[in-house]
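For reference, the structure is listed below as C-alpha cells.
In my numbering, the protein residues as written are 113 to 381.
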C-alpha cells in the first residue's frame, strides 16, 4: 500500500468536519441527480464519509486496489483520461523469423472486501502451510519471454462523469488531463442498500463496461495496426528495390549559375 494513500486516508479520518466543508460537500452532492432522493440522515452520514480532492495535470487519480478504501469518483470539474496497459509477451516465429506478440494474463486486483477476507483466511490457516517455492508455468513464461508494455488511451471523463463504482479496471489507471476536482465517496458505503436503491450503481457499472473496450479487443486492434505498418514498410521497400534510380544526382549535375546564386544568397544572409 503506498504511503501517500495511507497518509491521505488517515488524515481524512482524523480531520474534523467544519460547517464550510459540509456546505461544500452538499453543494457538490446537489450537482448529481443520483442523490436527489437521499434523506437527511444519509446526507449527514455522507458529509462524514465523503471528501473533495483536487488533482494536478498528469497526476494519477485512481488505481483499483491501491488504497485502503476504494472510492467512487464523481468528476466536478476538469477532464480525466483512462489508460489501458497491455502487457505483451514477445516471441520469434521459427518459420517466418517474425516477432509475434501474445497478450499476457492479467492479474485482477483486490478490493477492500476481498482483501479483508483473504487476510482473515490467512490468519485462520496460520503458518502450518509452507509456501511452495516451485515456480508455476505462468512464472516460467514470464521469466523466459521478454515482455513489453503498451498504453492505450481509451476514454475521457469530463464534468458530471463517474468512475470507480466497481467496473472492470484490471491494468487500468485514471489520470488527470487538466486540473481536476472530484467528489470521493467510499464504495462500500455507496453500495449499501439504502444508498443503492433500484440497484442504480450496478446499472452504472454495466453502462461503463459496455462503453469501454476490453483488453482482448484492444489487443486485436494493436495486432491489426502492427500488421498494417509491416505491410506498408514492405510495400515501400519493394517499390524502391524495383524502381531504384540508376543515376543519382551529384553536385556536378547542378548548373554552375545555380550554384553561384545559392552561394551569393548564403553569403549575403
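Think of the CB as a built atom: it goes at the ideal place given N, C-alpha and C, for glycine as much as any other residue.
For clarity, every value in this text was computed on a predicted model and none was experimentally measured.
Check	Outcome
Measuring only the C-alpha atoms, how far is residue 133 from residue 320?	30 angstroms
Can the beta-carbon of residue 218 be found less than 8 angstroms from the beta-carbon of residue 327?	yes
According to DSSP, residue 338 sits in a beta bridge with which residue or residues?	DSSP output for residue 338 lists no bridge partner at all.
Give me the DSSP bridge partner(s) of residue 297.	184
Which residues share a DSSP beta bridge with residue 218?	For residue 218, which the question treats as bridged, DSSP gives no partner whatsoever.
Classify residue 203 as helix, strand or coil using the three-state DSSP reduction.	strand
Helix, strand or coil for residue 170? Go by DSSP, reduced to three states.	coil
What residue range does the alpha helix (DSSP H) around residue 135 cover?	131-141
For the alpha helix (DSSP H) that residue 309 lies in, which residues bound it at each end?	It is not in any alpha helix (DSSP H) - residue 309 carries neither H nor E in the DSSP assignment.
Can you tell me which of 350, 295, 272, 216 puts its alpha carbon nearest to the alpha carbon of residue 197?	216
For the ligand SAH, is there a heavy atom less than 7 angstroms away from the beta-carbon of residue 354?	Only the bare structure without any ligand can be found here, which leaves the ligand SAH out of the picture.
Taking only three categories from DSSP, how would you classify residue 153?	helix
Could you pull the start and end residues of the beta strand (DSSP E) that residue 262 belongs to?	259-269
Taking Cβ positions, are residue 297 and residue 161 nearer each other than 8 angstroms?	yes
Give the straight-line distance between the Cα atoms of residue 142 and residue 189, rounded to the nearest whole angstrom.	14 angstroms
Roughly how many angstroms lie between the CA atoms of residue 152 and residue 294, to the nearest whole one?	22 angstroms
With 16 other CB atoms within 10 Å as the buried threshold, where does residue 116 fall?	A caution first: residue 116 carries a pLDDT of 44, below 50, which makes its placement in the model unreliable, though a value can still be read off. So residue 116 counts as exposed.
Rounded to a whole number of angstroms, what is the C-alpha to C-alpha distance between residue 185 and residue 136?	16 angstroms
What is the C-beta distance between residue 173 and residue 287, in whole angstroms, given that I count them as a contact (C-beta under 8 angstroms)?	6 angstroms
Considering Cα atoms alone, identify which of 259, 192, 365, 155 is closest to residue 274.	192
Going by other Cβ atoms of all chains shown within 10 Å of its Cβ, with 16 needed for buried, is residue 176 buried or exposed?	buried
Is it true that the CB of residue 276 sits closer than 8 angstroms to the CB of residue 182?	yes
Residue 278 to residue 299, Cα distance in whole Å?	8 angstroms
Could you give the distance in angstroms between the alpha-carbon of residue 336 and the alpha-carbon of residue 158?	47 angstroms
Which residues does DSSP list as the beta-bridge partners of residue 196?	264, 284
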